[in-house]
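Encoded as structure tokens, the structure appears first; notes follow it.
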């Protein structure tokens with residue numbers, strides 16, 4: 072006569088009595104990878120062969136599910152970082168100020184995987200001409216030296232500084248800073264634009280520290296800047312990205328690399344900047360003033376890479392309400 076029972080909420084009819092083990096075999100299920108509940112009581116796997124299913128039984132047969140098989144990881148396709156025709160594999164640029172020693176600075180640069188380092192132009196110490204020099208620890212043949220105009224407040228000061236840098240090392244690729252005041256160290260954007268025009272006419276390839284104003288960033292690009300470098304927050308503040316909306320707009324409109332410069336404090340700040348689509352991040356204080364600069368340099372290296380991967384991957388859409396991760400189909 073057979074018997075009827077429910078399996079996972081569906082009616083089933085059997086022509087003859089079966090053990091749980093026989094039933095699972097008939098259903099094509101691997102007993103080692105499932106769990107069985109009979110009439111609200113879990114059936115131990117050791118009893119599958121002995122326990123017979125009966126008329127009216129209610130069986131639940133469950134297993135683990137997920138979101139599918141993840142493919143093996145391969146780095147996503149990405150365009151390289153190209154500045155003034157030169158290609159770089161690292162998207163982390165670091166400064167050379169505030170370190171306790173040149174040796175510590177060199178170790179941090181190695182840990183960061185940096186290929187570009189910013190350098191200031193300062194007077195030679197005539198009283199100690201044999202003192203250690205930056206070039207003794209950070210080889211200009213290995214790193215791209217990026218002379219900057221830190222401390223300059225006019226276009227003429229910046230021009231004088233960078234002409235000296237070009238004479239000293241032959242560098243054409245430079246970082247322009249023209250500051251507005253000593254308290255905020257914000258860039259004077261009117262003077263910065265004028266200085267950019269002066270330097271470009273003089274043959275320099277100019278990477279420009281600027282405010283997070285999308286319109287001014289575009290003007291700098293049109294004036295010949297080879298990279299625009301909007302601040303995340305005031306220099307040395309460690310506050311992280313304060314205006315993500317403007318940074319994103321600069322990225323969307325720029326035809327040259329966008330490099331967040333100033334205000335990064337920790338690895339998550341660097342990741343945020345890269346997730347916005349920036350091409351690179353420049354930092355100094357965040358590494359140099361960390362309790363362990365070398366470890367922080369390692370952290371920043373991975374944060375920049377992770378942020379770039381996240382940008383390329385495309386983040387999920389933000390939603391107003393919850394959305395369950397596990398499928399509701401097959402719910403017990």
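Numbering (the working numbering), first residue to last: 72 to 403.
C-beta: ideal position from N, C-alpha, C; glycine also.
Assigned secondary structure, residue 289 (DSSP; H/G/I helix, E/B strand, else coil): helix
At which residue ranges does the region 206-290 contain complete alpha helix (DSSP H) runs of 4 or more residues, listed in the order of the chain? 226-240, 260-272
Please identify the residue among 336, 320, 337 whose C-alpha is closest to the C-alpha of residue 329. 320
Would you say the region 148-165 touches the region 204-212, given that touching needs at least three Cβ pairs under 8 Å? no
Please list, in chain order, all residues of the same chain as residue 292 whose beta carbon is under 7 Å from its beta carbon, the five residues on each side excluded. 299, 325, 326, 327
Tell me the DSSP bridge mates of residue 91? Answer is none; residue 91 lacks a bridge partner.
Contact defined as beta carbons within less than 8 Å: I believe residue 277 pairs with residue 271. What is the distance between those atoms, to the nearest angstrom? 6 Å
Count the other C-beta atoms from every protein chain shown that fall within 10 angstroms of the C-beta of residue 386, then say buried if there are 16 or more, exposed otherwise. exposed
Can you give me the Cβ contacts of residue 253 inside the same chain, cut-off strictly under 6 Å, excluding the 5 residues immediately before and after it? none
Name the residue from 349, 204, 391, 302 whose alpha carbon lies nearest to the alpha carbon of residue 174. 204
Rank 396, 161, 197 by C-alpha distance to the C-alpha of residue 181 and give the top, closest one. 161
What does the alpha-carbon distance come out to for the pair residue 354 and residue 334? 8 Å
Check for me: the alpha helix (DSSP H) holding residue 340 runs from which residue to which? 338-346
Distance, residue 378 Cα to residue 260 Cα: 29 Å
Just checking, does the region 125-134 make contact with the region 214-221 on the three C-beta pairs under 8 Å criterion? no
Distance between residue 103 and residue 96 (C-alpha atoms, nearest Å): 11 Å
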